[in-house]
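J.:
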Amino acid sequence: MSSETAPLLSRAAEAVYWMARYIERAENVARFIDVNLHLQLDLPLEPAHQWQPLIDTSGDAEVFLERHGKAKKATVIKFLVWDTKNLNSISSCLRAARENARSVREIISSEMWEQVNSMYLKIQSQRALAESERLAEILRAIRLGCHMFEGITDSTMSYNEAWHFLRLGRQLERADKTSRILDVKYFMLLPSANSVGTPYDDIHWSAVLKSVSGFEMYRKRHGRISPRSIVDFLVLDREFPRAIRHCLRAADESLHAITGTPMGSCYYPSERTLAPLRAELDYTPVENIISQGLHEYLDALQGRMNTIDDGLGRDFFHSAAHDEPTAQGDAA
Numbered sequence: 072m073s074s075e076t077a078p079l080l081s082r083a084a085e086a087v088y089w090m091a092r093y094i095e096r097a098e099n100v101a102r103f104i105d106v107n108l109h110l111q112l113d114l115p116l117e118p119a120h121q122w123q124p125l126i127d128t129s130g131d132a133e134v135f136l137e138r139h140g141k142a143k144k145a146t147v148i149k150f151l152v153w154d155t156k157n158l159n160s161i162s163s164c165l166r167a168a169r170e171n172a173r174s175v176r177e178i179i180s181s182e183m184w185e186q187v188n189s190m191y192l193k194i195q196s197q198r199a200l201a202e203s204e205r206l207a208e209i210l211r212a213i214r215l216g217c218h219m220f221e222g223i224t225d226s227t228m229s230y231n232e233a234w235h236f237l238r239l240g241r242q243l244e245r246a247d248k249t250s251r252i253l254d255v256k257y258f259m260l261l262p263s264a265n266s267v268g269t270p271y272d273d274i275h276w277s278a279v280l281k282s283v284s285g286f287e288m289y290r291k292r293h294g295r296i297s298p299r300s301i302v303d304f305l306v307l308d309r310e311f312p313r314a315i316r317h318c319l320r321a322a323d324e325s326l327h328a329i330t331g332t333p334m335g336s337c338y339y340p341s342e343r344t345l346a347p348l349r350a351e352l353d354y355t356p357v358e359n360i361i362s363q364g365l366h367e368y369l370d371a372l373q374g375r376m377n378t379i380d381d382g383l384g385r386d387f388f389h390s391a392a393h394d395e396p397t398a399q400g401d402a403a
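Going by our numbering, the sequence shown runs without a break in its numbering and finishes at 403.
(1) Which value, in whole angstroms, describes the spacing of the CA atoms of residue 264 and residue 99?
(2) Taking residue 121 as the reference, which of 108, 240 and 133 has the closest Cα?
(3) Could you tell me if residue 356 is buried or exposed, where buried requires 16 or more neighbouring beta carbons within 10 angstroms of its beta carbon?
(4) Measure the Cβ-Cβ separation of residue 228 and residue 183 and say whether it is below 9 Å.
(5) Quick one, which of 173, 238 and 342 has its alpha-carbon nearest residue 317's?
(6) Residue 384 to residue 86, Cα distance in whole Å?
(7) Threshold first: 4 residues or longer. Then list the alpha helix (DSSP H) segments lying entirely within the region 314-346, N to C.
(8) Rounding to the nearest angstrom, what Cα-Cα distance links residue 245 and residue 234 in this structure?
(9) When you compare only the Cα positions, how much space is there between residue 157 and residue 129?
(10) I'd like the list of long-range same chain contacts for residue 329, defined as Cβ closer than 7 Å, with 5 residues on each side in sequence excluded.
(11) Taking all protein chains shown into account, do 16 or more other C-beta atoms lie within 10 angstroms of the C-beta of residue 368, making it buried, or fewer, making it exposed?
(12) Work out the CA separation of residue 101 and residue 336 for me, nearest whole Å.
(13) What do you reckon, are the CB atoms on residue 313 and residue 284 nearer than 9 Å?
(14) Quick check on DSSP: helix, strand or coil for residue 311?
(15) If you count every other CB in all the chains shown that lies within 10 Å of the CB of residue 218, and 16 or more means buried, which is it?
(16) Can you tell me whether residue 124 is helix, strand or coil according to DSSP?
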């Protein structure tokens with residue numbers, strides 16, 4: 072990476088990186104809510120048990136508690152879908168993605184810009200439908216729109232440094248969300264330990280798989296619902312696109328493509344953080360994860376992924392990545 076082009080490249084790299092993360096985040100939130108709406112029909116849960124896990128998965132539990140108190144369907148949906156003061160709501164994510172896309176229109180394809188802009192304008196026009204029966208339809212449209220953006224990106228954009236920064240952001244966001252939904256399962260989803268091993272438990276585990284669009288692929292690979300196999304599938308699978316191992320492998324490949332460092336070697340601090348984590352996942356058996364405690368393992372994993380994100384900010388963006396300057400400007 073030439074020092075002469077670094078200032079311009081750093082701004083563009085940061086914009087495409089966060090554009091990808093925000094779009095992936097919006098798609099994940101839409102999927103979580105949609106799965107929860109269907110889960111509501113299958114399980115006789117109290118509202119807090121039904122909707123609190125979504126807030127916990129988003130990482131905004133303290134903010135939600137301060138503003139809304141106990142988790143209820145209406146307030147959770149408003150907070151996660153429409154609330155522009157919540158920087159992680161779908162509406163805020165699509166706005167931030169659009170602003171980042173607008174700043175790099177000379178780098179991304181016109182089709183990419185049109186798709187981001189269309190998604191943002193559409194959700195703004197649907198605010199009046201927030202409490203309607205069309206919510207599931209709106210969430211499905213958001214998911215399909217985000218999937219379309221990914222397909223358009225991979226079909227119309229040169230696989231250059233900007234594309235690799237975009238892929239890097241997408242894969243780290245996916246890995247983070249998969250780890251969070253798994254973590255929440257162990258601590259939040261079941262109303263009582265007495266439910267473990269019952270049909271209700273199977274329904275919950277199925278919901279976890281559906282929350283990462285992995286139910287059918289899991290069935291093809293493992294068959295019966297089994298907590299051990301689900302952990303193996305969502306953490307260590309090489310082929311499933313939302314498995315943590317797969318995501319970090321793809322992220323590591325793109326990071327090395329950006330730096331030019333040969334695979335297996337590390338020069339930048341972010342490489343020295345990501346590469347050992349990828350190697351660990353390549354050689355860690357699922358029994359080791361379960362024996363040390365899934366929550367403890369995932370908590371440590373999330374911390375290491377945050378360190379990677381911060382390292383990317385220092386290595387390439389000349390700012391801490393978690394500051395997300397464009398998003399903060401939008402929320403004002």
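Note that beta-carbon positions come from the ideal geometry of N, C-alpha and C, so glycine has one too.
T.: The structure says:
(1) Because the pLDDT of residue 264 is 44, which lies under 50, any placement of that residue in the model is unreliable, and the number read from its coordinates should be weighed accordingly. The C-alpha of residue 264 lies about 28 Å from the C-alpha of residue 99.
(2) It is 108.
(3) The residue in question, residue 356, is exposed, as its Cβ has fewer than 16 Cβ neighbours within 10 Å.
(4) Cβ atoms of residue 228 and residue 183: closer than 9 Å.
(5) Of the listed residues, the one whose Cα sits closest to residue 317 is 238.
(6) Rounded to the nearest angstrom, the two C-alpha atoms are 12 Å apart.
(7) Counting only runs of 4 or more, we get 315-330.
(8) Roughly 17 Å separates the two Cα atoms.
(9) Approximately 11 Å, taken between the alpha carbons.
(10) Result list for residue 329: 232, 235 and 236, in chain order.
(11) When all chains shown are included, residue 368 counts as buried.
(12) It is roughly 38 Å from the alpha-carbon of residue 336 to the alpha-carbon of residue 101.
(13) With respect to residue 284, residue 313 sits close: the two C-beta atoms are nearer than 9 Å.
(14) Coil.
(15) Classification for residue 218: exposed.
(16) Three-state DSSP puts residue 124 in a helix.
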